[in-house]
Amino acid sequence: MHSAALRVRVEQAQALREVSFEGFEAKLTCILSQFYPDECAALGAVGVRDFIRSSVRRAEFLGATRERDQGKYVTMELALGPELMGELVTVERERRRAHGASEHASVLIGAVCRAGVARLSGDDALPLDDDAVLLDEES
């Protein structure tokens with residue numbers, strides 16, 4: 001008897017990942033264009049796609065594999081800029097290590113996004129001085 005196992009070649013798997021990423025990229029482009037029209041207009045269509053790809057690579061470097069986490073990272077990075085986002089990631093990682101808190105990508109990105117929102121709202125002290133905010137959610 002033959003096993004009904006499905007064999008997927010490396011090339012096929014890569015093609016499926018590319019199609020999946022293109023869909024994610026298109027969805028994220030629509031979201032970014034809706035909420036950040038000026039930034040997206042300044043980047044242009046090709047620039048937005050390049051920004052998404054670069055930002056997703058940075059999110060993957062942090063361990064983010066889920067589209068939700070990658071999307072949050074990309075959105076916050078567009079709002080804050082890559083430099084400030086990188087600084088917030090560094091500060092949050094150091095705080096988590098010092099407190100023995102989780103550095104799982106979902107938790108880290110969530111905390112960085114909360115710190116970023118605080119920054120955008122003008123509460124500069126919050127993401128840098130309040131450990132309760134930075135270390136609150138360990139889910």
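According to UniProt numbering, the sequence shown is numbered sequentially starting from 1.
Where is the CB? At the ideal position from N, CA and C, for every residue including glycine.
- Inter-residue distance for GLN70 and ARG58 is about 9 Å (C-alpha atoms, whole angstroms).
- For HIS99, the enclosing alpha helix (DSSP H) covers residues 82 to 99.
- Collapsing the DSSP output to three states places THR65 in coil.
- Counting C-beta atoms within 10 angstroms of its own C-beta, GLY116 has 16 or more neighbours from the protein chains shown and is therefore classed as buried.
- For VAL48, the secondary structure class from DSSP, reduced to helix, strand or coil, is helix.
- Rounded to whole angstroms, ALA98 and LEU6 show a C-alpha spacing of 46 Å.
- Bounds of any alpha helix (DSSP H) do not take in GLY122, whose DSSP letter is neither H nor E.
- Rounded to whole angstroms, GLY23 and GLU77 show a C-alpha spacing of 20 Å.
- The beta-carbon distance between ALA105 and ALA64, rounded to whole angstroms, is 4 Å. This is short enough to meet the 8 Å contact definition.
- Rounded to the nearest whole angstrom, the CA to CA distance from GLU92 to LEU108 is 7 Å.
- Between ARG53 and GLY100, the alpha-carbon positions lie close to 31 Å from each other.
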